[in-house]
Each structure stands twice: as structure tokens, then as C-alpha cells.
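Going by numbering that gives the first Met the number 0, the residue at position 140 of the sequence shown is 139; the numbering climbs one at a time, nothing skipped.
Beta carbons: idealized from backbone N, C-alpha and C, even for Gly.
None of these values were measured; they are calculated from a predicted model.
Okay, so here's the structure we're looking at.
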Amino acid sequence: MMNSYYFYRIYTHMMDTTKKKNLGFFLLRLSVGLIFIVQGWGKLNGVDMVSGMLDGIGFPAPGFFAWILALTEFLGGIAVILGLFVRHAATLLAVVMVVALFTVHIPGPFAQAMTPVALLGSTLALMLLGGGDWQVMKEKN
Numbered sequence: 000m001m002n003s004y005y006f007y008r009i010y011t012h013m014m015d016t017t018k019k020k021n022l023g024f025f026l027l028r029l030s031v032g033l034i035f036i037v038q039g040w041g042k043l044n045g046v047d048m049v050s051g052m053l054d055g056i057g058f059p060a061p062g063f064f065a066w067i068l069a070l071t072e073f074l075g076g077i078a079v080i081l082g083l084f085v086r087h088a089a090t091l092l093a094v095v096m097v098v099a100l101f102t103v104h105i106p107g108p109f110a111q112a113m114t115p116v117a118l119l120g121s122t123l124a125l126m127l128l129g130g131g132d133w134q135v136m137k138e139k140n
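Spelled out as C-alpha cells, the structure:
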């Protein structure tokens with residue numbers, strides 16, 4: 000029976016540090032991007048409900064911002080996964096999460112805000128660090 004030491008030795012010889020780092024960035028981009036794609040797709044298919052929710056919390060021009068929100072989440076998620084303008088897309092998605100936190104989630108219980116806080120942290124990490132080497136369009140640091 001192999002113990003964790005042997006697994007670690009095999010794993011460390013399989014991948015060098017650069018590959019591990021790029022795999023980590025890719026998995027972060029994939030998970031964050033998928034969440035935003037799913038959320039954006041749901042908003043695109045129910046933009047009237049999103050508009051009503053934005054109107055209910057006193058957001059100006061709720062119909063316009065419902066479309067902006069839905070498209071930003073959906074297209075931003077695609078851009079993050081593919082590695083297209085990762086820093087820019089992550090910045091827009093971070094703004095979406097800050098607005099969502101302060102208008103919808105923070106007035107409620109903290110447990111309701113944990114997922115948006117995690118997504119905000121992930122988008123800020125992508126904004127600051129970029130998306131790694133495995134992306135369609137590599138950005139300059």
C-alpha cells in the first residue's frame with residue numbers, strides 16, 4: 000500500500016513548478032468562468048426577473064442594467080475560461096460581485112454572502128495575477 004509520501008514523490012516528478020502553476024491558474028479560470036457562465040445564462044433567460052429584482056432594490060434603469068449584468072457575467076465567464084483579456088474580464092466580474100455584495104447579499108445573513116465573497120476573491124486574484132500561460136491571449140504583466 001502506497002502512503003502519501005510516495006504519491007507526493009511521484010506527483011512532484013510528474014510536473015515541474017511552472018506546469019503546476021499553470022494548471023492551478025487554468026483550474027481557477029475554469030471554475031470561476033463556469034460559475035459566471037451558468038449565472039449569466041440564467042439571467043439572460045430571465046432578464047425580466049432580473050430587471051424586477053434590480054427595480055425592487057432601487058437600482059436606476061433596471062432594464063438596461065439587467066442586460067449589462069447578464070451579458071457581463073456570461074461573456075466574462077467565457078473570456079476567463081478561454082484566456083481572452085483575463086485581467087479585464089476579471090475586473091468587470093469583480094465589480095459585479097462588489098455591487099452584488101453591497102446591494103443584495105450583505106444586508107442579509109453572512110452565510111448568504113459566502114459564495115459572492117469567494118467569487119470576489121477569485122476574480123481579484125485573476126485581476127492581479129493574470130490567467131497563467133495556458134490561455135488563448137497572453138497578457139503583459
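Straight-line Cα distance separating A88 from L127: Here residue 127 is taken as the residue at index 128 of the sequence shown, counted from 1. Here residue 88 is taken as the residue at index 89 of the sequence shown, counted from 1. Approximately 12 Å, taken between the alpha carbons.
So, L29 versus I80, is the Cβ gap smaller than 8 Å? Here residue 29 refers to the residue found at position 30 when the sequence shown is read from its first residue. Here residue 80 refers to the residue found at position 81 when the sequence shown is read from its first residue. Taking 8 Å as the Cβ cut-off, L29 and I80 qualify as a contacting pair.
Go through its chain and collect everything with a Cβ distance to T90's Cβ below 6 Å, but skip five positions before and after it. For this step, residue 90 is matched to residue 91 along the sequence shown. Hits under 6 Å: M126.
Excluding the 5 residues flanking M54 on each side, which residues of the same chain have their C-beta closer than 7 Å to its C-beta? What you label residue 54 is simply residue 55 of the sequence shown in a count that begins at 1. The residue you asked about is not Met; residue 54 is Asp in the sequence shown. Hits under 7 Å: P61.
Boundaries (first-last residue) of the alpha helix (DSSP H) holding Q134: Position 135 of the sequence shown, counted from the first residue, corresponds to residue 134. Counting along the chain, Q134 falls outside any alpha helix (DSSP H), and DSSP gives it neither H nor E.
From this set, G75, G45, M96 and G39, which residue's C-alpha is nearest A117's C-alpha? Numbered from its first residue, the sequence shown carries residue 117 at position 118. Considering only alpha carbons, the answer is M96.
Reducing DSSP to helix, strand and coil, say where G45 ends up. Here residue 45 corresponds to residue number 46 of the sequence shown, with the count starting at 1. In the three-state reduction of the DSSP assignment, G45 falls in the coil class, being assigned neither a helical nor a strand state.
Euclidean distance between Cα positions of G32 and V135: Residue numbering aside, residue 32 sits at position 33 when the sequence shown is read from its first letter. Residue numbering aside, residue 135 sits at position 136 when the sequence shown is read from its first letter. Each residue's Cα considered, the two are about 14 Å apart.
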